[in-house]
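**Student:** Here's a structure for you.
In this note's numbering, the protein residues as written are 1179 to 1477.
Written out as structure tokens, the structure reads:
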């Protein structure tokens, strides 16, 4: 698909990923629309959502969500309303007004729950342990139902931990890198839960956007792709690298808070062989380069 001139809707377009995605799409001369709560467009306002979808789009990136495992467990009904029910309505309206649109989802590694093996491929069992993971898994399954029943062209990314300049620095349970960078820049302590040996797969924002764009050119439909760098980094190693590049800050180890321990799924590394094969996507920015870029651009 040639992107130039295409009408593209981005839900949640004012968030970290959405803002960067819209910027990239505009650079590619697409006609973009941002449907976000920050500009008065709630994903739960179905009347307004339908009014927007009536404009008919070539591509829909669905990023709007209620994020964070701990937060979702504390607001289960709200999590399901936004992540599952509103997604269902979006799919219904897409079939009604833009049946030939390509609909691309930014979903989560947390759909898998506690990891049984590493790296995690798309055939790994799904058994989420948080309301967030469950609501995202439900939205994935519903999207696949629409693909089968209505031939809607859907692509689902199960993303790992995305990071980059200007993400929120306040810790919300899912943006630890930028929170650590903010603390280190102020010479403060970086709190590490447990011994810091748990691994995460971090993907730089520019790489993630390349994957999102590559989906537009793919002949595949109704597919799930694990999206990460494909390499695990221990939490303590991540924190120490930030301290190294920031030139200040220090580590402090502490016990896991019980509410975070309940939703900890263990180490996670993406198996990215499928996305490499089918979308011709390979991440380019390794973790050390990405952290350096993030710190240098943010401060």
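Glycine included, each C-beta is placed from N, C-alpha and C at the ideal position.
Cβ of residue 1469 within 8 Å of Cβ of residue 1423?
**Tutor:** Counting from one through the chain shown, the residue named residue 1469 turns up at place 291. Counting from one through the chain shown, the residue named residue 1423 turns up at place 245. Yes; because the gap between Cβ atoms is below 8 Å, this pair is in contact.
**Student:** Taking 8 Å as the cut-off, does the stretch 1247-1265 touch the stretch 1201-1219 (at least 3 CB pairs, one atom from each stretch)?
**Tutor:** Flag = no, the stretch 1201-1219 and the stretch 1247-1265 do not touch.
**Student:** Taking only the alpha-carbon atoms, compute the straight-line gap between residue 1388 and residue 1459 and give it to the nearest angstrom.
**Tutor:** For the purposes of this step, residue 1388 is taken as residue 210 along the chain shown, with counting starting at 1. For the purposes of this step, residue 1459 is taken as residue 281 along the chain shown, with counting starting at 1. Near 8 Å, if we compare the C-alpha coordinates of residue 1459 and residue 1388.
**Student:** Can you check whether the CB of residue 1429 is closer than 8 Å to the CB of residue 1340?
**Tutor:** In the chain shown, residue 1340 corresponds to position 162, counting from 1. In the chain shown, residue 1429 corresponds to position 251, counting from 1. For residue 1340 and residue 1429, no; Cβs fall outside 8 Å.
**Student:** Is residue 1179 closer than 8 Å to residue 1457 when the C-beta atoms are compared?
**Tutor:** As a working mapping, residue 1457 is identified with position 279 in the chain shown. As a working mapping, residue 1179 is identified with position 1 in the chain shown. No.
**Student:** Please report the straight-line C-alpha distance between residue 1297 and residue 1225, rounded to a whole angstrom.
**Tutor:** Stepping through the chain shown from its first residue, residue 1297 is reached at position 119. Stepping through the chain shown from its first residue, residue 1225 is reached at position 47. Each residue's alpha carbon lies about 42 Å from the other.
**Student:** Pick from 1232, 1441, 1445, 1440: whose alpha carbon is nearest that of residue 1413?
**Tutor:** Reading the chain shown from its first residue, position 235 is the one you call residue 1413. Answer by Cα proximity: 1445.
**Student:** Locate the alpha helix (DSSP H) running through residue 1324, then write down its first and last residues.
**Tutor:** Residue numbering aside, residue 1324 sits at position 146 when the chain shown is read from its first letter. Segment 1309-1328, the alpha helix (DSSP H) holding residue 1324.
**Student:** Name the DSSP bridge partner or partners of residue 1341?
**Tutor:** If you number the chain shown from 1, residue 1341 lands on position 163. Bridge partners of residue 1341: 1382.
**Student:** Does the beta-carbon of residue 1425 have 16 or more other beta-carbons within 10 angstroms, so that it is buried, or is it exposed?
**Tutor:** In the chain shown, counting from the first residue as 1, residue 1425 sits at position 247. It counts as exposed.
**Student:** Whole angstroms are fine: how far does the CA of residue 1397 sit from the CA of residue 1283?
**Tutor:** The residue you call residue 1283 lines up with position 105 of the chain shown. The residue you call residue 1397 lines up with position 219 of the chain shown. Roughly 16 Å separates the two Cα atoms.
**Student:** Here's the rule: buried if 16 or more other CB atoms are within 10 angstroms of the residue's CB, otherwise exposed. What is residue 1200?
**Tutor:** Reading the chain shown from its first residue, position 22 is the one you call residue 1200. Result: buried.
**Student:** Does the separation of the CB atoms of residue 1321 and residue 1269 fall below 8 Å?
**Tutor:** Here residue 1321 is taken as the residue at index 143 of the chain shown, counted from 1. Here residue 1269 is taken as the residue at index 91 of the chain shown, counted from 1. Yes; because the gap between Cβ atoms is below 8 Å, this pair is in contact.
**Student:** Using 10 angstroms around the beta-carbon of residue 1344, count the other beta-carbons present and answer buried if the total reaches 16, otherwise exposed.
**Tutor:** Working through the chain shown from its first residue, we reach residue 1344 at position 166. Exposed: under 16 other Cβ atoms inside 10 Å.
**Student:** Could you tell me if residue 1207 is buried or exposed, where buried requires 16 or more neighbouring beta carbons within 10 angstroms of its beta carbon?
**Tutor:** Position 29 of the chain shown, counting from 1, holds the residue named residue 1207. So residue 1207 counts as exposed.
**Student:** Who does residue 1428 pair with in a DSSP beta bridge?
**Tutor:** Stepping through the chain shown from its first residue, residue 1428 is reached at position 250. According to DSSP, which records beta bridges pairwise, residue 1428 is partnered with 1367.
**Student:** Excluding sequence positions up to five away, which residues of its chain have a Cβ less than 6 Å from the Cβ of residue 1304?
**Tutor:** The count along the chain shown starts at 1 and reaches residue 1304 at position 126. Cβ within range, chain order: 1289, 1290, 1315.
**Student:** How would you write the range of the beta strand (DSSP E) that residue 1256 sits in, first residue to last?
**Tutor:** Counting from one through the chain shown, the residue named residue 1256 turns up at place 78. First-last for residue 1256: 1254-1258, but that is the alpha helix (DSSP H), not the beta strand (DSSP E).
**Student:** How many Å lie between residue 1306 and residue 1404 at the Cα?
**Tutor:** Here residue 1306 corresponds to residue number 128 of the chain shown, with the count starting at 1. Here residue 1404 corresponds to residue number 226 of the chain shown, with the count starting at 1. Near 16 Å, if we compare the C-alpha coordinates of residue 1404 and residue 1306.
**Student:** Which of helix, strand or coil does DSSP assign to residue 1210?
**Tutor:** Position 32 of the chain shown, counted from the start, is the residue given in the question as residue 1210. Three-state DSSP puts residue 1210 in a strand.
**Student:** Would you identify the three-state DSSP class for residue 1354, choosing helix, strand or coil?
**Tutor:** Here residue 1354 corresponds to residue number 176 of the chain shown, with the count starting at 1. In the structure shown, residue 1354 sits in a helix (DSSP, three-state: H, G or I).
**Student:** For residue 1388, verify whether its CB is less than 7 Å away from any heavy atom of the ligand GDP.
**Tutor:** With respect to the ligand GDP, the structure offers nothing, as it holds no ligand at all.
**Student:** Here's a check: name, in chain order, each residue in its chain whose Cβ is nearer than 7 Å to the Cβ of residue 1210, leaving out the five neighbours to either side.
**Tutor:** For the purposes of this step, residue 1210 is taken as the residue at position 32 of the chain shown. For residue 1210, where only same-chain residues beyond five positions count, the Cβ hits under 7 Å are 1186, 1188, 1200, 1203, 1204.
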